[in-house]
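In the numbering used here, the protein residues as written are 333 to 500.
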């Protein structure tokens, strides 16, 4: 094995990624490709992309001990992780899947509530190009829409299903 031909690792971008063009054969072939999925955090009046959420290390999750019991977080503020998948069609790239997951975070007490299984399932649904954002309030839907339009208006314009879910 020639160790002189090691490939440089590509830097992760702080942006919504388009589906990877790499073809992978051998060990791990057929596994889930997360290159087309990004994480958006909605916290209060702010929505932002945070790739750390993919590994439960977003800005709001760091240093928080999570429980599956809501009662453990009586003073938690509501935050959302929205999994967004990007795909391509003839017209160009578009937001193909989007699913929202609720969590409560009490930064002072360093405690939080979330159902990890729900987060994993909704990530899977986004990858499978499903749109499940009906659990978001009108304010959160507006913040998500504004961020997606600002990030790439062309992708937004090519996403009639997500537009209907967030504007309807």
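Glycine included, each C-beta is placed from N, C-alpha and C at the ideal position.
Bear in mind the structure is a predicted one, so any value in this text is a computation, not a measurement.
Notebook entry, point to check: Just curious, the alpha helix (DSSP H) that residue 459 is in, first and last residue?
Noted result: 448-459
Notebook entry, point to check: What are the residues that DSSP puts in a beta bridge with residue 436?
Noted result: 410, 445
Margin query: Beta-carbon within less than 6 Å of residue 477's beta-carbon, same chain only, minus the 5 sequence neighbours each way: which residues are those?
Written below: 498
Margin query: Less than 7 Å between C-beta atoms, sequence neighbours within five positions excluded: which residues of the same chain meet that for residue 392?
Written below: 373, 375, 411, 437
Notebook entry, point to check: CB-CB under 8 Å to residue 487, same chain, minus the five flanking residues each way: which ones, in chain order?
Noted result: 348, 418, 424, 425, 426, 427, 480
Check: Taking C-beta to C-beta, are residue 429 and residue 462 nearer than 9 Å?
Finding: yes
Item checked: Counted within 10 angstroms of its Cβ, other Cβ atoms place residue 468 as buried (16 or more) or exposed -> buried
Margin query: Applying the 10 Å Cβ sphere with the 16-neighbour rule, what's the burial state of residue 472?
Written below: buried
Item checked: For residue 386 and residue 475, the rounded distance between their alpha carbons -> 20 Å
Next item on the list: Can you have a look at residue 492 and say buried or exposed, based on whether 16 or more other CB atoms are within 10 angstroms of its CB?
Entry: exposed
Next item on the list: State the Cα-Cα distance for the pair residue 490 and residue 441, rounded to the nearest angstrom.
Entry: 43 Å
Notebook entry, point to check: Rounded to a whole number of angstroms, what is the C-alpha to C-alpha distance between residue 451 and residue 368?
Noted result: 17 Å
Notebook entry, point to check: If you draw a straight line from the alpha carbon of residue 448 to that of residue 495, how long is it in whole angstroms?
Noted result: 27 Å
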